[in-house]
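These notes concern the structure reproduced below.
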Amino acid sequence: MRIHARRVGVTGPHGPLLKPTSLLVRPGELVLVAGDPGSGHTALGLVLSGRMRPSTGEVSPAAADLRRHVVLVDSPDVSEPEASLPLAGVVGEELAVNGARSGRRAVADWLVERGADEHLDQRFEQVPADVRCALMLELAAGRPGATTLVLDSPDRYHGDPEGWAELARRHVTPERSVVVLCTTTSAAVLDVPVARIGADNTAAESTGADNEESE
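Here UniProt numbering is used: the first residue of the sequence shown is 1, the next is one more, and so on.
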């Protein structure tokens, strides 16, 4: 699914939560979007997933379509699992949402297949960062109808940008895109092209994008 955000901004009760941002996400792409801490990572994730109406600008397709096809992954205070829950509980809940078997035996088997069964009863907050990130991405990718994953701020707990970037890249397919919302510090370490929160990231291709949408 192609997502086009045009100068989307969000204003909260005490001021701007997200400065106007334009972004184009095409199927089969890994898109990194960088911003300073507090610049609106989660607000942008909520807009891109159809879970928040922007105060300014617009995003297409419609919010109902975004909610069906975009999964907001491990987002702080939104879709982030409860820190005190055991990993088995977190995985069980996600498998149930995905319509898969979610009993304790099924969860244990699922974790064994991924080499993560040693963390079965560990509190989610104590699960190693690479394991946590990998499992949450895979569970999100298993959501029925999911065509876009939006991983929100993995660098808040995963200190290796190259590690979480590679995990995200593994879930890109010709039909599925992955958007990672990260800090400018992480983007600098990766040294790859990134979009910026609070910027028009589509300026160079706006004419072509508009032509595509008019067809």
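Ideal placement from N, C-alpha and C gives every residue a C-beta, glycine not left out.
query	result
Residue environment, Pro193, which counts as buried when at least 16 other CB atoms sit within 10 Å	exposed
Identity of the residues DSSP links to Pro193 by a beta bridge	According to DSSP, which records beta bridges pairwise, Pro193 is partnered with nothing at all.
Among Ser75, Val127, Ala134, the one whose alpha carbon lies nearest that of Leu46	Ser75
Gly159 versus Arg132, Arg2, Ala203, Gly99, residue with shortest Cα-Cα distance	Arg132
Pro154 - DSSP class collapsed to helix/strand/coil	helix
Contact between the region 54-73 and the region 134-151 (3+ Cβ pairs under 8 Å)	yes
Environment of Val10 [buried if 16+ CB atoms lie within 10 Å]	buried
Inter-residue CB distance, Gly50 and Leu18 (contact presumed, cutoff 8 Å)	About 15 Å; that fails the 8 Å criterion.
Residues that DSSP places opposite Thr185 in a beta bridge	For Thr185, which the question treats as bridged, DSSP gives no partner whatsoever.
Whole-Å CB distance - Val53 paired with Ala63, under 8 Å assumed	The sequence as given places Arg at residue 53; Val does not occur at that position. Indeed, because the Cβ distance is near 7 Å, the residues count as touching under 8 Å.
Exposure of Pro20, with buried meaning 16 or more beta-carbon neighbours within 10 Å	buried
7 Å Cβ shell around Glu138 - same chain, five flanking residues per side excluded	none
Simplified DSSP state of Ala203, which is helix, strand or coil	helix
Glu58 - DSSP class collapsed to helix/strand/coil	strand
Cβ separation of Leu95 and Ala106, assumed to be a contact under 8 Å, to the nearest whole Å	7 Å
Top-ranked residue by Cα proximity to Gly142, from Ala43, Val172, Val78, Asp117	Val172
For Ala5: DSSP bridge partner residues	Leu23, Val59
Buried versus exposed, by CB contacts within 10 Å (16 or more), Gly115	exposed
Outcome for Ser84 when other beta-carbon atoms lying within 10 angstroms are tallied against a minimum of 16	exposed
Inter-residue Cα distance where the pair is Asn201 and Gly103	44 Å
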